[in-house]
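**Student:** Residue numbers (the working numbering): 47 to 449.
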RNA sequence: GCAGGGGUGGUCGAGUGGUUAAUGGCACCGGGCUGUAAACCCGGCGGGUUCACACCCUACGUAGGUUCGAAUCCUACCCCCUGCACCA
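(1) From what residue to what residue does the alpha helix (DSSP H) around residue 145 run?
(2) Hey, quick one: how far does the beta strand (DSSP E) through residue 166 stretch, first residue to last?
(3) Measure the C-alpha to C-alpha separation of residue 233 and residue 181 and round it to an integer number of angstroms.
(4) By Cβ distance, which residues of its chain are closer than 6 Å to residue 170, with the 5 residues on each side in sequence left out?
(5) Measuring only the C-alpha atoms, how far is residue 274 from residue 378?
(6) For residue 264, which of helix, strand or coil comes out of DSSP?
(7) Spatial neighbours of residue 259 within its chain, please: C-beta separation below 7 Å, excluding the five flanking residues on both sides.
(8) Helix, strand or coil for residue 101 per DSSP?
(9) Suppose the cutoff is 8 Å on Cβ atoms and the five residues either side in sequence are ignored; what does the same chain contact list for residue 303 look like?
(10) Can you tell me whether residue 191 is buried or exposed? The criterion is at least 16 other CB atoms within 10 Å of its CB, across all chains shown.
(11) Who pairs with residue 116 in a beta bridge, going by DSSP?
(12) Per DSSP, what are the beta-bridge partners of residue 444 in this structure?
(13) Drop a sphere of 10 angstroms on the beta-carbon of residue 60, count the other beta-carbons inside from all chains shown, and report buried for 16 or more, exposed for fewer.
(14) Here's the rule I'm using: 16 or more other beta-carbon atoms within 10 Å means buried, otherwise exposed. How should residue 75 be labelled?
(15) Which residue from 254, 240, 282 and 70 puts its Cα closest to that of residue 264?
(16) Could you check whether residue 396 and residue 438 sit closer than 8 Å to each other, using their CB atoms as the reference points?
(17) Are residue 448 and residue 424 closer than 8 Å when you measure CB to CB?
(18) DSSP state of residue 384, grouped into three classes?
(19) Can you tell me the Cα-Cα spacing of residue 399 and residue 146, whole angstroms?
(20) Compute the distance between the beta-carbons of residue 108 and residue 160, then report whether it is under 8 Å.
(21) With a threshold of 8 Å, are at least 3 pairs of Cβ atoms found where one atom belongs to the segment 52-71 and the other to the segment 276-292?
(22) Just how far apart, CA to CA, sit residue 340 and residue 441?
(23) With DSSP run on the structure shown, which of helix, strand or coil describes residue 66?
(24) CB-CB under 7 Å to residue 125, same chain, minus the five flanking residues each way: which ones, in chain order?
(25) Taking the continuous beta strand (DSSP E) assigned at residue 300, which residues delimit it?
(26) Taking the C-alpha atoms as reference points, what is the distance between residue 315 and residue 309?
(27) Helix, strand or coil: how does DSSP classify residue 379 here?
(28) Classify residue 431 as buried or exposed, calling it buried when 16 or more other Cβ atoms lie within 10 Å of its own Cβ.
(29) From the DSSP output, read off the bridge partner residues of residue 414.
(30) At the level of alpha carbons, what is the spacing between residue 352 and residue 297?
(31) From the DSSP output, which residues share a beta bridge with residue 427?
(32) Helix or strand or just coil, what does DSSP make of residue 182?
(33) Express the C-alpha separation of residue 267 and residue 446 in angstroms, rounding to a whole number.
(34) Figure out for me which residue from 289, 291 and 195 has the closest Cα to the Cα of residue 244.
(35) Given a cut-off of 8 Å, decide if residue 417 and residue 384 are closer than it, judged by their beta-carbon atoms.
(36) So, with DSSP's three-state summary, where would you put residue 233?
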């Protein structure tokens with residue numbers, strides 16, 4: 047690829063690159079010297095559960111790898127003590143060395159679904175932050191001014207709104223920036239929420255007489271609700287460790303509009319190809335459902351396999367299109383006796399409470415052996431040797447046998 | 001410590017003595033429709049007993065109190081936020 051093509055390739059899906067000219071220069075230099083660029087991404091040690099939102103930046107790392115550069119996956123075990131000042135969470139639980147190591151292993155297993163292990167360094171910032179000591183830390187702090195730190199939107203906003211800003215939060219951008227110095231990073235990847243921190247790295251590197259890193263800023267992926275950013279706590283996420291069937295369902299549940307966003311940020315489909323698809327759907331030639339199925343297939347293939355994707359699709363069709371019983375249904379054995387229907391639902395865990403169970407039946411959401419249960423006071427016999435198929439809603443199934 | 005503001009159901013947020021299990025939004029759940037777990041429409045959304053009308057219990061930071069009756073009034077306490085002060 048020419049340098050221009052490389053730039054184009056790296057630009058895909060990003061919001062901003064600061065500065066693109068610097069990146070060009072680094073790419074040229076690397077090509078000339080044969081020394082790969084060092085591309086950094088920081089990760090929080092407390093949450094090793096990666097979801098699709100995180101994969102946006104990981105995918106960007108992969109793009110750099112594909113061009114032959116070295117990726118440094120930095121686990122912020124030191125910064126984890128501070129917690130990114132994203133507004134809410136105050137103090138974070140202090141992790142033991144063992145927990146951090148365990149989390150690191152989980153990270154590795156997950157990120158190597160997208161990244162090439164041979165071109166990836168896993169590092170911990172306690173490595174250099176620990177050595178710094180409090181005197182070193184104070185010296186480090188002398189390199190930036192309060193005003194510089196307070197420039198950060200988040201701080202300004204909170205000060206303006208008279209919401210608290212803890213002192214240690216101000217140190218977060220500083221330590222993150224120092225990581226770039228310690229690693230001599232050429233490029234740092236991050237979401238838009240990280241922009242300030244990434245730029246701080248540039249400043250600090252200059253202070254330490256290093257060539258400033260390039261900040262490659264990626265958008266934050268919206269969650270399946272299409273509104274808020276994907277996050278575990280909001281429950282609008284798709285975890286990359288989730289079973290294929292779950293992923294398929296969740297991806298099918300995104301809005302038709304959001305699907306294009308996902309195409310852009312979660313697949314390596316070239317923008318032109320995605321645009322063609324979009325036009326085709328818009329013109330009515332292609333059913334949006336089909337495009338969504340295709341998206342789901344691609345994502346599942348990345349994290350599981352093409353085979354798993356096919357199976358998930360088949361299962362989905364079976365349940366939602368043909369309204370059949372899934373391939374595998376959980377089985378439970380209960381003492382052979384007669385149950386009131388709501389009681390049975392609670393016993394099997396298909397409903398959390400009697401009141402909820404009754405509601406489900408009244409609303410027509412419960413089927414017994416395929417027959418809609420009309421009355422919630424019905425007696426249901428669980429006989430030994432016979433299996434009873436219970437369905438709640440569209441997607442919860444269970445087979446119950448009497449013992 | 002002082003002053004002020006605040007703590008309501010998964011969440012946001014109404015409600016200042018009586019049809020308040022608590023308006024409304026969101027989330028969530030069920031149904032309908034659709035080639036989608038999309039969109040849209042309808043319904044539900046603390047728990048328990050009951051075939052059912054119905055009844056009971058628990059709930060508005062915690063604990064008491066006033067009252068026929070309190071999320072709403074009083075007292076104490078706890079927690080959060082803002083400002084000021086004190087200490088260093």
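Quick reminder that beta carbons are idealized off the backbone N, C-alpha and C, glycines included.
**Tutor:** Short version:
(1) Annotation: the continuous alpha helix (DSSP H) that includes residue 145 extends over 143-157.
(2) For residue 166, the enclosing beta strand (DSSP E) covers residues 166-170.
(3) About 28 Å.
(4) The answer, listed in chain order, is 121 and 123.
(5) Here the alpha carbon of residue 274 sits roughly 38 Å from the alpha carbon of residue 378.
(6) Three-state DSSP puts residue 264 in a strand.
(7) Taking residue 259 as the centre and dropping the five residues before and after it, the same chain places the C-beta of 226, 231, 232, 233, 234, 247, 248 and 251 closer than 7 Å to its C-beta, in chain order.
(8) Collapsing the DSSP output to three states places residue 101 in a helix.
(9) Only 272 meet the Cβ criterion.
(10) By the C-beta density criterion, residue 191 is exposed, having fewer than 16 other C-beta atoms within 10 angstroms.
(11) DSSP lists 84 as partners of residue 116.
(12) Bridge partners of residue 444: 436.
(13) Classification for residue 60: buried.
(14) Residue 75 should be labelled exposed.
(15) Of the candidates 254, 240, 282 and 70, 240 places its Cα closest to the Cα of residue 264.
(16) When the beta-carbon positions are compared, residue 438 and residue 396 come within less than 8 Å of each other.
(17) Contact flag unset, no.
(18) Strand, per DSSP.
(19) Whole-angstrom Cα-Cα distance: 38 Å.
(20) At the C-beta level, residue 108 and residue 160 come within 8 Å of one another.
(21) Result no; under three Cβ-Cβ pairs closer than 8 Å.
(22) Cα to Cα, the separation comes out at about 22 Å.
(23) In the three-state scheme derived from DSSP, where H, G and I count as helix and E and B as strand, residue 66 is classed as helix.
(24) Around residue 125: 171, 218, 221 and 222.
(25) Following the DSSP letters along the chain, one finds residue 300 in no beta strand (DSSP E), marked with neither H nor E.
(26) Rounded to whole angstroms, the separation of the alpha carbons of residue 309 and residue 315 is 7 Å.
(27) Strand, per DSSP.
(28) In this structure residue 431 is exposed. Its beta-carbon is surrounded by fewer than 16 other beta-carbon atoms within 10 angstroms.
(29) Among the bridge pairs identified by DSSP, residue 414 is matched with 417 and 436.
(30) Taken atom to atom, the span from the alpha-carbon of residue 352 to that of residue 297 is near 16 Å.
(31) DSSP lists 384 as the bridge partner or partners of residue 427.
(32) Here residue 182 sits in helix by DSSP.
(33) The straight-line gap from Cα to Cα measures roughly 41 Å.
(34) Out of 289, 291 and 195, 195 has the C-alpha closest to the C-alpha of residue 244.
(35) With contacts defined as CB atoms closer than 8 Å, residue 384 and residue 417 fail to qualify as a contacting pair.
(36) Strand at residue 233.
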